[in-house]
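Using this note's numbering, read the sequence shown as starting at 3 and increasing by one per residue. Ideal placement from N, C-alpha and C gives every residue a C-beta, glycine not left out.
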Amino acid sequence: MQERRRILTMMLIMITACLGAGTIIIMVLYQAELQSRQAQLSSVVSLQARMIESAARYDAASTESLLDEHPSFDATEATISQIVEALENYHLAGASSEFELARNDNDHIDFVFRTYMGELKYPQPIDPESAFAEPMRLALSGLSGTWIGSDYRGKMVIAAYEPVSVLQLGLVGTINISEIRAEFIPASLLAFIGALLCAVIATIAFRKVSGPVIKKLLQQTHQLEEQIANQQAADAELKKWEMVVKSAGWGIALADAHTNRLLSMNPAYAEMHGYSIEELQ
Numbered sequence: 003m004q005e006r007r008r009i010l011t012m013m014l015i016m017i018t019a020c021l022g023a024g025t026i027i028i029m030v031l032y033q034a035e036l037q038s039r040q041a042q043l044s045s046v047v048s049l050q051a052r053m054i055e056s057a058a059r060y061d062a063a064s065t066e067s068l069l070d071e072h073p074s075f076d077a078t079e080a081t082i083s084q085i086v087e088a089l090e091n092y093h094l095a096g097a098s099s100e101f102e103l104a105r106n107d108n109d110h111i112d113f114v115f116r117t118y119m120g121e122l123k124y125p126q127p128i129d130p131e132s133a134f135a136e137p138m139r140l141a142l143s144g145l146s147g148t149w150i151g152s153d154y155r156g157k158m159v160i161a162a163y164e165p166v167s168v169l170q171l172g173l174v175g176t177i178n179i180s181e182i183r184a185e186f187i188p189a190s191l192l193a194f195i196g197a198l199l200c201a202v203i204a205t206i207a208f209r210k211v212s213g214p215v216i217k218k219l220l221q222q223t224h225q226l227e228e229q230i231a232n233q234q235a236a237d238a239e240l241k242k243w244e245m246v247v248k249s250a251g252w253g254i255a256l257a258d259a260h261t262n263r264l265l266s267m268n269p270a271y272a273e274m275h276g277y278s279i280e281e282l283q
C-alpha cells in the first residue's frame, strides 16, 4: 500500500509539473502574440499616417493649378476622401480592425470619420479627458505608440496612434483583444491537451519501467532500516549489561578461551586480586 501511494504521488507530481510548465508556456506565447500584434498594428497605422501625409502634400501642391478651374476645390477634403476610400475595406490588421481620424476642435476631439468592418461612421465629438479618448489624445499631441485599454464600446483593444502633422490630425487604429484570444486559445488548448496526454503516457511508461526498480529499492531500504533498528537495540542492550557488570559487587571477567588472556573485567574482579584493571589487562 505504501509503495502504491509513493508511485501515485510521483505520478501526480509529474502531471502537476507538466500542467504548470504548460500553463507558463501558454502565457508566455500569448504575451508574445499580443506584442507581435501590437507591433503589426503600429506598423500599419504608421504607414497609413505617412501615406496620408504624402497624399496631403500632393493635393496641396496641386491646389494652385486646380483653383482656376475649380474655385471650390479643398485640398484637405480631397485628401480625406481618398483616405476614406482606402480605409473602408482595409482589414490587414485584423477582422475587427478599426481606424479613426480626428482633429482638435476647441475643447473637444472632433472625429473626421471612423471605419469599422467596412462601415463608415461619423462619431460625435468627445471630451479629450475621457478614458477611451487616450490614444487619440496622444496622437493629436504629436506622439506615436501603442496602448491597451477599453474603447468606447467597453471592449479591450490594442490601439496604435500616430500624428498626421501635415493636416493637424490624429490617426488611431484598433483591434479587439478578443479576436487575438479567439485565434490563440483553440490552438493553445490543443497543445495543452497534447502536452497533458504526453505527460500521462510518460508517467505510465515511467511507472512500468521504474516500478520494479523502485520496489526493489524500497525493499532494500526497509531491510536496511530493520538492520539499523536491530543494531541500535543490540547496542542498547549491551550498554545495559555493561552497566550491570561494572556495578556488580562480585568479580566478573571475560577471557579468551584459547589464550586465557583477559579481555575485560569489572572493578570488583580487579580488587579481588589486588590489582587495577589496567595492570591485569
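Presumed contact (8 Å Cβ cut-off) between residue i and residue j, rounded CB distance
i	j	result
Leu21	Leu198	7 Å
Met267	Ala255	4 Å
Val202	Ile27	18 Å between Cβ atoms; not a contact.
Ile111	Met138	6 Å
Ala141	Leu169	No, Ala141 and Leu169 are not in contact; Cβ-Cβ is about 12 Å, not under 8 Å.
Trp149	Glu136	6 Å
Ala257	Leu265	6 Å
Leu31	Ser143	That pair is no contact at about 34 Å.
Helix, strand or coil at residue i [DSSP, three-state]
i	result
Lys241	helix
Ala57	helix
His72	In this prediction, His72 scores a pLDDT of 49, lower than 50, which makes its location untrustworthy; the coordinate-derived value is nonetheless stated afterwards. In this structure, His72 counts as coil in the three-state DSSP scheme.
Gly24	helix
Pro188	helix
Ile254	coil
Ser278	coil
Glu164	strand
Thr121	According to the sequence shown, residue 121 is Glu rather than Thr. It is a strand residue.
Arg155	coil
Ser249	helix
Ile82	helix
His224	helix
Ser132	coil
Arg263	coil
Span of the alpha helix (DSSP H), counted from its first residue to its last, around residue i
i	result
Pro137	136 to 142
Glu273	269 to 274
Nearest residue (CA-CA) to residue i, options the options
i	options	result
Gly24	Gly196, Gln222, Arg263	Gly196
Ser59	Ser167, Glu280, Ala257, Gly151	According to the sequence displayed, residue 59 carries Arg and not Ser. When only C-alpha atoms are compared, the closest one is Ser167.
Gly147	His260, Leu43, Trp252	Leu43
Met29	Phe194, Lys217, Ser45	Phe194
Glu131	Asn106, Glu228, Leu264, Gln229	Asn106
Asp153	Ser143, Gly175, His224	Gly175
Gln40	Glu244, Leu226, Ala161	Ala161
Asp109	Ile128, Tyr124, Ala97	Ile128
Leu49	Asn262, Lys210, Ile85	Ile85
Pro125	Ile54, His224, Arg155	Arg155
Ala97	Ser45, Ile230, Ala184	Ala184
CB contact flag (residue i, residue j, <8 Å)
i	j	result
Ile177	Ser99	yes
Phe101	Thr117	yes
Val47	Ile82	no
Leu103	Leu171	yes
Ile187	Leu36	no
Ala270	Ser278	no
Residue i beta carbon near the ligand GDP (any heavy atom closer than 7 Å)
i	result
Phe134	Absence of the ligand GDP is noted for the structure shown, with no ligands found whatsoever.
Residue i - containing beta strand (DSSP E), residue span
i	result
Thr176	171 to 178
Leu145	It is not in any beta strand (DSSP E) - Leu145 carries neither H nor E in the DSSP assignment.
Asp107	100 to 107
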